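Numbering (my numbering) for the sequence shown: 621 to 1056. Below is one structure, written out as structure tokens; comments come after it.
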Amino acid sequence: MSAEGQPILEIWGRASLRGEVQISGAKNSALVLMAGALLCPGDCRLRNVPSLVDITRMSQILTALGVKLNQNNDVLEIDARQINPTKAPYDVVSQLRASFFVIGPLLTRLGMARVPLPGGCAIGARPVDLHVRGLQAMGANVRIESGMVHANVTGKNGKLKGAKIYLDYPSVGATETLIMAATLAEGETKIENAAQEPEVVDLANFCCQMGARISGAGTNTIVITGVEQLHSVNYAVIPDRIEAGTFLVAGAITHSEISLAPVIPQHLAPVIAKLHEMGCRVVTQERDRLQIIPGELRATDIETLPYPGFPTDMQAQFMALLSLSEGDSAISETVFENRFRHAAELNRMGADIRLKGNHALIRGVPFLSGAPVMATDLRASAALVLAGLAAEGKTIVQGLHHLDRGYDNLEGKLQQLGAKLQRINPQSRAEDFRRS
Ligand code: UD1
């Protein structure tokens, strides 16, 4: 089962969940805010930071750049007074695409940056051309050599210049890189066709609290007026809408009534709309609490899109849910080119999913059966856990390093709701065996 000696997750299906789950801070916000802290030559205090392998990797990158970090539970103190803009380590950057975000703050604050290219990943090639073209429009010289992006700003004061940038695609990462770069640039930067994701707005709010001048975040046109310097900040990361969405699907797929808090219900609007279409009710109980009331699941069609469209990061979880819904559904994945690898694993559990290019056709089946499955990326791993909770019998999920990248204590939270699952570390099992 665990041929490579990696931990596995055993899940006993037909779970019935109950209670309330605490939603952690948003991974994608926390990662970019950590990079954004490089803009500030003082202390940044981030609250509500989730406990994740991706956050640890970002911390390693900041440390390599000379930043002092101090973590206490969900509070992360970042002191970026002294930084060396050339020290981002390849081995960590290559494992964490978000680490490329450091290029914007380094370049705008210090006039130079050297950051390894993040490379492809399991869900597609994921180039950084939009980040690079935007920085070039702001006057940066960018050279890519031996897998390394060398960027610098020449001229008297070594400062980026405000520019009008139209993004060919509303890339989340490129919008964030350019917002950060523009905060300390000379003059005004206008980003058109900008990403509107809540995490982009969170970054803009964070930068504004450090003294940046940004308007329009959350719309497709963002205007940033550069300032001389940013200052210290104490800031709470927004709740993770993808973790919250995953728990809503956990309720729907196990026919369980569960509540989640804290959440920002508006951030989940496209996910809630699909759950309604599928026969579930999602009720806002207080300003920041949602309850899912499950129903008989009906098929529906989904197309992933930039926000406020349906999030690609919820596509895999909904594929698991649609597998158990009455009727035929279709999913079109328009954001990433290779994000259906979970389909084959769900089929191993008895799902009926056929793939055609970036379309998946899902014929609902009455039940799934537990099976050994392999997680292929972060959200795919969540989809397999959800399928395992609903399936008959035992499911064994391998490839847990994907899950650990982006879910803060998923097993513990599911156990609290009454799910039966446990992580097994084959090494400790072997040691127990030797000791006995
Ligand atoms: C972010 C999220 C990720 C989410 C994605 C889309 C983080 C850390 N990750 O990723 O969880 O799935 O948004 O909501 O915030 N592209 C280019 N050139 C570029 C940049 C992007 O072609 O320079 C393409 C990508 O390959 C992809 C599409 O644009 O096909 C969307 O990517 P983007 O919005 O940039 O996603 P990320 O910021 O990488």
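For glycine and all other residues, C-beta sits at the position ideal for the given N, C-alpha and C. This one's a predicted model, so the numbers in the text were calculated from it and none came from an experiment.
Remark: the C-beta of L750 is in contact range of the ligand UD1, defined as less than 6 Å to any heavy atom. At least one heavy atom of the ligand UD1 sits closer than 6 Å to the Cβ of T932.
Annotation: the continuous alpha helix (DSSP H) that includes L1023 extends over 1020-1026. Taking a C-beta distance under 7 Å as the contact criterion, V883 and I643 qualify as a contact pair.
Apart from sequence neighbours up to five positions away, the residues of its chain that approach L696 with a beta-carbon distance below 6 Å are L666, V669, ordered along the chain. By the criterion of at least three beta-carbon pairs nearer than 8 Å, the stretch 1002-1020 is in contact with the stretch 978-993. Cβ contact annotation for N648 (same chain, cutoff 6 Å, sequence separation greater than five): E819, in chain order. In this structure, G984 sits near A919, with a CB-CB distance shorter than 7 Å. Look at the stretch 648-687 and you find these whole runs of beta strand (DSSP E), each 3 residues long or longer: 663-667.
In the displayed model, G639 falls within a strand according to three-state DSSP.
Look at F867 here: in three-state DSSP terms it is helix.
In this structure the stretch 963-981 lies against the stretch 939-946, because at least three pairs of beta carbons, one per stretch, are closer than 8 Å.
In chain order, I922, T924, I951, E953, R959, R999 place their CB closer than 8 Å to the CB of Q935, counting only its own chain and leaving out the 5 sequence neighbours on each side. Relative to the ligand UD1, the beta carbon of P890 is positioned no closer than 6 Å to any heavy atom.
In this structure, P627 sits near R1043, with a CB-CB distance shorter than 7 Å. The beta carbons of A757 and I723 sit no closer together than 7 Å.
Beta-bridge partners assigned by DSSP to T874: none are found. The C-beta of I764 has fewer than 16 other C-beta atoms within 10 Å across all chains shown, which makes the residue exposed.
Taking all protein chains shown into account, P986 has fewer than 16 neighbouring C-beta atoms within 10 Å of its C-beta and is therefore exposed. Per DSSP, L696 is one residue of the beta strand (DSSP E) stretching across 695-699. Relative to the ligand UD1, the nearest heavy atom lies less than 6 Å away from the CB of F956. Excluding residues up to 5 positions away in sequence, K707, A708, P709, V712 lie with their Cβ nearer than 8 Å to the Cβ of A684 in the same chain. Within a 10 Å sphere around the beta-carbon of G793 sit 16 or more other beta-carbons, which makes this residue buried. I785 sits in a strand when the DSSP states are folded into three classes. Under the three-state reduction of DSSP, F930 is assigned to strand. Cα atoms of I1016 and D749: separation of roughly 39 Å, rounded to the nearest angstrom.
Here G656 is buried, its C-beta having at least 16 other C-beta atoms within 10 Å. Taking the CA atoms as reference points, G754 sits about 10 Å from G782. V869 and L658 have their C-alpha atoms some 36 Å from each other.
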